[in-house]
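The next block holds one structure in the form of structure tokens; read it before the comments.
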Amino acid sequence: VYDPQLDADQALRGRLVDQLRALGRAGTDAAIGDGDAGRLLAYYQPQVSTNTGRPDGVEALVRWDHPTLGVLPPAAFLPLVEEHGLMEMVTTTVMRQAVHDAIRWNRSGRRLHVSVNISTSCLTNPGLVPLVAEVLGETGLAPELLVIEVTETDAISSPDAAAAALNALVALGVGVSIDDYGTGYSSLAYLKDLPVSELKLDRSFTVDLVHDARTAHIVAATIELAHRLDIDVVGEGVEDFPTLHALQTLGCERTQGYLHGAPMSEPDFVRWLDHHVPQDIPARTVA
Ligand code: C2E
Ligand code: MG
Ligand code: MG
Ligand code: MG
Numbered sequence: 495v496y497d498p499q500l501d502a503d504q505a506l507r508g509r510l511v512d513q514l515r516a517l518g519r520a521g522t523d524a525a526i527g528d529g530d531a532g533r534l535l536a537y538y539q540p541q542v543s544t545n546t547g548r549p550d551g552v553e554a555l556v557r558w559d560h561p562t563l564g565v566l567p568p569a570a571f572l573p574l575v576e577e578h579g580l581m582e583m584v585t586t587t588v589m590r591q592a593v594h595d596a597i598r599w600n601r602s603g604r605r606l607h608v609s610v611n612i613s614t615s616c617l618t619n620p621g622l623v624p625l626v627a628e629v630l631g632e633t634g635l636a637p638e639l640l641v642i643e644v645t646e647t648d649a650i651s652s653p654d655a656a657a658a659a660l661n662a663l664v665a666l667g668v669g670v671s672i673d674d675y676g677t678g679y680s681s682l683a684y685l686k687d688l689p690v691s692e693l694k695l696d697r698s699f700t701v702d703l704v705h706d707a708r709t710a711h712i713v714a715a716t717i718e719l720a721h722r723l724d725i726d727v728v729g730e731g732v733e734d735f736p737t738l739h740a741l742q743t744l745g746c747e748r749t750q751g752y753l754h755g756a757p758m759s760e761p762d763f764v765r766w767l768d769h770h771v772p773q774d775i776p777a778r779t780v781a
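Here full-length UniProt numbering is used: the first residue of the sequence shown is 495, the next is one more, and so on.
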């Protein structure tokens, strides 16, 4: 059956893949880009301490600043990236931008962790650990200010290789965070076997926290478990104050979500930092 829409989509997909390959050929300059393919940008979303009400971390989230389609979110192109084996290019670009931006923020007197998402396919890539060592070396960023986020829902096909990569990263001094915690099928196995320093409670838990007693019990027990293992907890997808306050009461260290700010370009993030008012945030420090 002839489907003109599908045809158009196929053509578009083909063009996008060509452009992604062009960005890959531009190598670490995918951030600078080339006129026809645009550029890959790290956007930044703040993480706010529930203790101080101040930002103490930031997550780098990739965007494709596309010449004709505008700024594309990860869902619009990461599946193509993964399918065509181009994830290493994305990881390299985002890692370099994030660490270079983080050293500037920290030199200007703000202590901020920066978190970078690593797909499972890249975690076991032999280039990852040397990349992290190189970027830390050339910038001088304190390794403990870099956090690697691994998504729990990604099936880890070779757990031993993944554990070896994470141990090598920890040996460099960087943190390891389990993203979307609670949505996978092996959450406890991750905590048992991997050198985890942080877990990010998935939005599916934080969103129901104040309305659903079962969810509240799960969240409370998860935070307590994390703390016994010396693991920090970040609440994801926090959009309102009741959720923030509930997480704060349960001892969650940091929150991230539209309540504080959506992912922003680097200049917008610096403006956000300049205008952020701490007493806007936690009840505990205000009361
Ligand atoms: P993630 O790492 O779990 O990132 C959180 C996602 O939730 C982001 O979507 C963010 O914009 C969104 N979000 C943040 N606060 C809120 C909120 O209050 N409410 C709601 N509803 N959503 C919120 P984004 O930027 O579209 O990224 C989607 C996913 O793409 C990320 O999920 C991550 O898995 C992946 N990703 C992003 N950047 C990279 C990257 O550089 N490399 C890799 N491998 N994956 C990436
Ligand atoms: Mg993440
Ligand atoms: Mg997440
Ligand atoms: Mg999530």
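Glycine included, every Cβ here is placed at the ideal spot set by N, Cα and C.
The structure displayed is predicted, hence computed values, not measured ones.
- If only uninterrupted beta strand (DSSP E) runs of at least 3 residues are considered, those enclosed by the stretch 618 to 699 are 640 to 645, 669 to 675 and 692 to 695.
- Residue nearest to Gln513 within the set Val552, Val542, Leu563 and Gly551 is Leu563 (criterion: CA-CA distance).
- Using a cutoff of 7 Å, the CB of Ile612 counts as near ligand 1, since one of the ligand's heavy atoms is closer than that.
- In this chain, the alpha helix (DSSP H) harbouring Ala569 covers Pro568 to Glu577.
- The nearest non-hydrogen atom of ligand 1 is less than 7 Å from the C-beta of Pro568.
- Between Ser691 and Asp726, the gap from beta carbon to beta carbon is short of 8 Å.
- Remark: three or more beta-carbon pairs, one from each stretch, lie closer than 8 Å, so the stretch 665 to 677 and the stretch 695 to 714 are flagged as touching.
- A distance criterion of 7 Å places the beta-carbon of Thr749 beyond contact range of ligand 1, judged by its closest non-hydrogen atom.
- Looking from the CA of Thr700, the closest CA among Leu566, Ala656, Gly751 and Ala665 belongs to Gly751.
- In the DSSP assignment, Gly551 is bridged to Gln541 and His607.
- Within the same chain, Ala554, Val588, Gln591 and Ala592 come within 6 Å of Ala536 by CB-CB distance, once the 5 residues on both sides are set aside.
- Around the beta carbon of Asp530, fewer than 16 other beta carbons lie within 10 angstroms, which makes this residue exposed.
- Contact between Val670 and Pro689 holds: CB atoms are separated by about 6 Å, below the 8 Å threshold.
- The beta-carbon separation of Leu723 and Val713, rounded to 16 Å, does not stay under the 8 Å limit for a contact.
- Nearest neighbour of Val511 by Cα position, chosen from Leu622, Leu625, Leu572 and Leu682, turns out to be Leu572.
- The three-state secondary structure of Asp768, taken from DSSP, is helix.
- Residue pairing by DSSP puts His560 in a beta bridge opposite Gly564.
- The alpha carbon of Leu622 has as its nearest neighbour, out of Leu663, Pro568, Pro653 and Ala516, the alpha carbon of Leu663.
- Residue Glu643 holds the alpha-carbon nearest to the alpha-carbon of His607 among Glu643, Thr716, His578 and Ser615.
- Residue range Met581 to Arg601 is occupied by the alpha helix (DSSP H) that includes Asp595.
- Residue pairing of Arg748 in beta bridges, as defined by DSSP: Ser543 and Val728.
- Secondary structure of Gly755 (DSSP, three-state): coil.
- Its chain contains Arg697, Thr700, Val701 and Gly751 as the residues whose beta carbon lies nearer than 7 Å to that of Gly731, once the 5 sequence neighbours on both sides are disregarded; these appear in chain order.
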